[in-house]
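Quick note: the sequence shown uses the numbering used here, first residue 94, plus one each step. Where a beta carbon is used, it is the ideal one built from N, C-alpha and C, also for glycine. Read the structure below first, then the notes.
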Amino acid sequence: MPRRTAYGPGTPCWVDHITVDLTGAKQFYGDLFGWEFTRENSRGYHLITLRGEIIGGLGPSPMGPAFGSSWNVYLAAKDLGHTRAEVGRLGGRIVMGPVPAGENGRLCLAVDPSGAAVGFWEGGRDEGVVLVDEPGALCACELHTSRQEAATEFYRSLYGDAPLVIRPSARTGWVPFFGAGAGASASDAAAAALAAGARPLEGGLLADPLGAVFGLTNLN
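Encoded structure:
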């Protein structure tokens with residue numbers, strides 16, 4: 094069981110699903126991956142676990158239906174104050190924070206120069222997702238953007254040679270990829286997701302029934 098408690102600066106280290114329908118999201122992903130959900134705070138934020146290990150977060154949309162539902166990807170930051178200043182200097186825009194996340198650490202949210210929303214996380218204990226590269230767990234994160242050059246320059250200036258994947262795409266946004274469920278291929282998992290109300294997107298991606306975009310990875 095791959096466990097991870099440390100991430101280098103700029104490495105995708107946390108994902109969460111911010112949604113207009115917590116019950117619907119729990120049903121869809123619980124059935125698809127076997128996820129369980131533990132309420133973390135009074136604002137309705139939940140930790141997502143798989144076989145007892147943390148694999149991400151789930152929370153209510155702060156603006157209701159107008160905001161919609163989305164998967165958010167967070168990059169590791171050892172000094173969030175410095176990262177915040179650099180994001181602005183390099184042409185990005187901070188939209189929230191830094192704010193504390195209980196005793197776990199601090200986060201901020203930004204929009205990069207390509208227009209993609211991205212989070213930054215400074216962990217106080219474990220530095221992010223603990224269970225990785227397993228069926229049902231986070232396996233990769235990619236930035237899909239029509240402005241690949243601007244995005245590459247921004248992240249390279251911010252984090253040097255951090256292992257980031259930036260792909261050309263007509264859509265813009267960070268995408269988490271999860272391992273297909275135990276004993277299933279990515280095509281099997283995609284078929285199950287579609288049967289549960291997901292929509293197919295360009296490049297083999299999926300939009301869940303609430304509109305949040307994710308991908309699937311073969312681990313066999």
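DSSP-derived helix/strand/coil call for residue i
i, result
"R240", "coil"
"L202", "strand"
"L299", "strand"
"L115", "helix"
"R182", "helix"
"R292", "strand"
"A210", "strand"
"P193", "strand"
"P105", "strand"
Supposed contact pair residue j and residue i - C-beta distance, whole angstroms, cut 8 angstroms
i, j, result
"A308", "V268", "Looking at the sequence provided, one finds Gly at residue 308 rather than Ala. Their Cβ separation, rounded to whole angstroms, is 5 angstroms, which keeps G308 and V268 in contact under 8 angstroms."
"A291", "D301", "5 angstroms"
"T112", "A305", "7 angstroms"
"N311", "A263", "Contact doesn't hold; Cβ gap of about 24 angstroms is too wide."
Range of the contiguous beta strand (DSSP E) that encloses residue i
i, result
"T310", "V306 to T310"
Decide yes or no for the touch test of the region 273-288 against the region 205-217: beta carbon pairs closer than 8 angstroms, at least 3 of them. no
Ordered list of alpha helix (DSSP H) runs contained in the region 118-180, each at least 4 residues: none
Length-filtered (4 minimum) alpha helix (DSSP H) runs lying within the region 212-287: 241-252
Okay, do the region 213-232 and the region 136-152 touch, 3+ Cβ pairs below 8 angstroms being the bar? yes
Cβ pair count under 8 angstroms reaching 3, the region 121-130 against the region 171-183: no
For the 8 angstroms Cβ check, are there 3 or more pairs between the region 98-108 and the region 244-256? yes
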